[in-house]
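*Asks:*
Residue numbers (UniProt numbering): 1 to 317.
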């Protein structure tokens with residue numbers, strides 16, 4: 001039995017010759033279309049790349065131009081600033097050099113002045129010692145020149161009644177102290193200042209006794225007599241001492257107030273200004289008023305209020 005040929009394409013559904021040709025054309029057209037699209041894209045990309053390259057070049061050119069301009073400007077400003085700084089530094093260096101020179105000169109002058117000052121200090125110390133020594137010598141000479149001088153206080157002015165001052169003072173001393181005869185007076189006068197008014201204390205009478213032993217006798221009488229009166233008026237008689245000596249002796253007044261009338265205590269001022277204190281057989285000497293006051297306060301406490309009028313010891317030269 002003869003076999004029947006069966007067309008497989010009909011059964012399998014595969015295209016026939018005509019159908020196959022049509023599909024190939026369509027695929028070719030699609031590939032061509034895709035190729036055209038790819039070419040367009042590539043062209044656009046190339047164009048964009050070219051445009052970006054152009055923009056980049058323009059930007060780089062502008063940046064380079066601006067950088068160049070800024071660099072040029074900065075270089076100019078830096079150059080000007082450098083020149084200005086160089087000028088200022090030069091001026092400052094000149095001033096510093098001038099100051100250094102001036103400082104050097106001042107240092108040398110200061111060193112010279114320091115040496116001069118040290119030399120002057122040494123000379124001043126020496127001169128101070130010499131002046132102190134000369135002052136003490138002058139004070140001693142002044143005291144010696146007044147060694148036999150007396151001062152009589154509270155004698156009314158005008159009581160001389162025209163009598164010579166030295167004769168008047170001699171009679172005053174004889175009457176007041178009860179002397180056998182009037183002492184010889186070399187000279188006498190009132191204190192050298194204006195005449196006292198009615199409500200002012202009278203000027204002191206200053207007299208120089210001729211003989212030294214007569215002067216000592218008069219002072220012994222003065223110390224031993226509590227109240228001295230002349231013509232019914234209480235008077236005072238004391239040594240005529242230099243002003244500086246009087247000030248030094250007055251500095252011991254607080255101490256003398258403390259020691260006055262204390263049991264077991266004897267005290268007195270020695271010339272020119274040395275306080276002698278004897279307490280219960282112990283004797284001390286003071287030339288410093290503050291030291292003497294502290295010593296007296298340790299013994300008896302603070303100073304009394306009453307005024308010291310005399311001392312148990314006789315003041316001696």
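Even for Gly, the Cβ is constructed at its ideal location relative to N, Cα and C.
On the DSSP bridge list, what partners appear for residue 192?
*Replies:* On the chain shown, position 192 is the one that residue 192 refers to. In the DSSP output, where bridge partners are listed per residue, residue 192 has none listed.
*Asks:* Could you tell me whether the Cβ atoms of residue 234 and residue 228 are closer together than 8 Å?
*Replies:* To locate residue 234, count along the chain shown from 1; it is residue 234. To locate residue 228, count along the chain shown from 1; it is residue 228. If you check the CB distance, residue 234 and residue 228 come in under 8 Å.
*Asks:* To the nearest whole angstrom, what separates the beta carbons of residue 297 and residue 258, a pair I think is in contact under 8 Å?
*Replies:* Start at 1 with the first residue of the chain shown, and residue 297 comes out as number 297. Start at 1 with the first residue of the chain shown, and residue 258 comes out as number 258. With 8 Å as the limit, residue 297 and residue 258 qualify as a contact, their Cβ atoms being about 7 Å apart.
*Asks:* Using 8 Å for Cβ pairs, my map puts residue 187 next to residue 166. What's the rounded Cβ distance?
*Replies:* Within the chain shown, the letter at position 187 stands for residue 187. Within the chain shown, the letter at position 166 stands for residue 166. Indeed they touch by this definition, with Cβ atoms about 6 Å apart.
*Asks:* To which residues of the same chain is residue 277 closer than 6 Å at the C-beta, ignoring the five residues directly before and after it?
*Replies:* In the chain shown, counting from the first residue as 1, residue 277 sits at position 277. So the list reads 267, 284, once near-sequence residues are dropped.
*Asks:* Specify, as a first and last residue, the run of the beta strand (DSSP E) that residue 294 falls within.
*Replies:* Numbered from 1 along the chain shown, position 294 holds the residue referred to as residue 294. Careful: residue 294 lies outside any beta strand (DSSP E), inside the alpha helix (DSSP H) at 289-300.
*Asks:* Which value, in whole angstroms, describes the spacing of the CA atoms of residue 220 and residue 294?
*Replies:* As a position in the chain shown, residue 220 is number 220, starting the count at 1. As a position in the chain shown, residue 294 is number 294, starting the count at 1. A direct Cα-to-Cα measurement between residue 220 and residue 294 gives close to 31 Å.
*Asks:* Identify which residue in 69, 205, 209, 198 has its Cα closest to the Cα of residue 192.
*Replies:* Sequence index remark: in the chain shown, residue 192 carries index 192 (1-based). Among 69, 205, 209, 198, the Cα nearest to that of residue 192 is on 205.
*Asks:* Return the CA-CA distance between residue 128 and residue 251, expressed in angstroms with no decimal places.
*Replies:* For the purposes of this step, residue 128 is taken as residue 128 along the chain shown, with counting starting at 1. For the purposes of this step, residue 251 is taken as residue 251 along the chain shown, with counting starting at 1. If you take the alpha carbons of residue 128 and residue 251, they lie about 23 Å apart.
*Asks:* Leaving out five residues before and five after residue 255 in sequence, what residues of the same chain have Cβ atoms less than 6 Å from its Cβ?
*Replies:* Here the question's residue 255 lines up with position 255 in the chain shown. Closer than 6 Å at Cβ, skipping near neighbours: 292, 293, 296.
*Asks:* Round the Cβ separation of residue 215 and residue 155 to the nearest angstrom and send it over; I've been treating them as touching at under 8 Å.
*Replies:* If you number the chain shown from 1, residue 215 lands on position 215. If you number the chain shown from 1, residue 155 lands on position 155. Residue 215 to residue 155, Cβ: 19 Å. No contact.
*Asks:* Mind reading off the beta-carbon distance from residue 184 to residue 210? Whole number of angstroms is fine, and I expect it under 8 Å.
*Replies:* For the purposes of this step, residue 184 is identified with residue 184 of the chain shown, where counting begins at 1. For the purposes of this step, residue 210 is identified with residue 210 of the chain shown, where counting begins at 1. Rounded, the Cβ-Cβ distance is 4 Å, consistent with contact.
*Asks:* Between residue 272 and residue 143, is the Cβ-Cβ spacing less than 8 Å?
*Replies:* Your numbering for residue 272 matches position 272 in the chain shown. Your numbering for residue 143 matches position 143 in the chain shown. In this structure, residue 143 lies closer than 8 Å to residue 272 by Cβ.
*Asks:* Can you check whether the CB of residue 207 is closer than 8 Å to the CB of residue 149?
*Replies:* As a working note, residue 149 is residue 149 in the chain shown. As a working note, residue 207 is residue 207 in the chain shown. Result yes, Cβ atoms of residue 149 and residue 207 sit closer than 8 Å.
*Asks:* Going by beta-carbon coordinates alone, are residue 244 and residue 139 separated by less than 8 Å?
*Replies:* By one-based count along the chain shown, residue 244 stands at place 244. By one-based count along the chain shown, residue 139 stands at place 139. Yes, Cβ-Cβ distance for residue 244 and residue 139 is below 8 Å.
*Asks:* DSSP beta-bridge partners for residue 274?
*Replies:* Translated into the one-based positions of the chain shown, residue 274 becomes position 274. According to DSSP, residue 274 bridges with 270.
*Asks:* May I have a chain-ordered list of the beta strand (DSSP E) segments no shorter than 3 residues that lie completely inside the segment 193-278?
*Replies:* Listed in chain order, the complete beta strand (DSSP E) runs (minimum 3 residues) inside the segment 193-278 are 205-209, 228-230, 233-239, 265-270.
*Asks:* Would you call the CB atoms of residue 196 and residue 157 closer than 8 Å?
*Replies:* For the purposes of this step, residue 196 is taken as residue 196 along the chain shown, with counting starting at 1. For the purposes of this step, residue 157 is taken as residue 157 along the chain shown, with counting starting at 1. For residue 196 and residue 157, yes; Cβs fall inside 8 Å.
*Asks:* Taking only the alpha-carbon atoms, compute the straight-line gap between residue 147 and residue 159 and give it to the nearest angstrom.
*Replies:* Indexing the chain shown from 1 puts residue 147 at position 147. Indexing the chain shown from 1 puts residue 159 at position 159. Taking the straight line from one Cα to the other gives about 27 Å.
*Asks:* Span of the beta strand (DSSP E) holding residue 150?
*Replies:* Here the question's residue 150 lines up with position 150 in the chain shown. 149-153 is the extent of the beta strand (DSSP E) around residue 150.
*Asks:* On the CB-based measure, 16 or more other CB atoms within 10 Å of its CB, does residue 75 come out buried or exposed?
*Replies:* The residue you call residue 75 lines up with position 75 of the chain shown. Exposed, because fewer than 16 other Cβ atoms sit within 10 Å of the Cβ of residue 75.
*Asks:* Quick check on residue 283: does DSSP put it in helix, strand or coil?
*Replies:* For the purposes of this step, residue 283 is taken as the residue at position 283 of the chain shown. The answer is strand: DSSP assigns residue 283 an E or B state.
*Asks:* Using 10 angstroms around the beta-carbon of residue 301, count the other beta-carbons present and answer buried if the total reaches 16, otherwise exposed.
*Replies:* As a first step, residue 301 must be located in the chain shown, where it is residue number 301. By the neighbour-count rule (16 or more Cβ atoms within 10 Å), residue 301 is not buried but exposed.
*Asks:* Can you give the beta carbon distance from residue 152 to residue 169, rounded, assuming they're within the 8 Å contact cut?
*Replies:* The count along the chain shown starts at 1 and reaches residue 152 at position 152. The count along the chain shown starts at 1 and reaches residue 169 at position 169. Indeed, because the Cβ distance is near 7 Å, the residues count as touching under 8 Å.
*Asks:* According to the neighbour-count rule (16 or more other Cβ atoms, all chains shown, within 10 Å of its Cβ), is residue 249 buried or exposed?
*Replies:* The sequence position of residue 249 within the chain shown is 249, counting from 1. It is buried - the Cβ of residue 249 has at least 16 other Cβ atoms within 10 Å.
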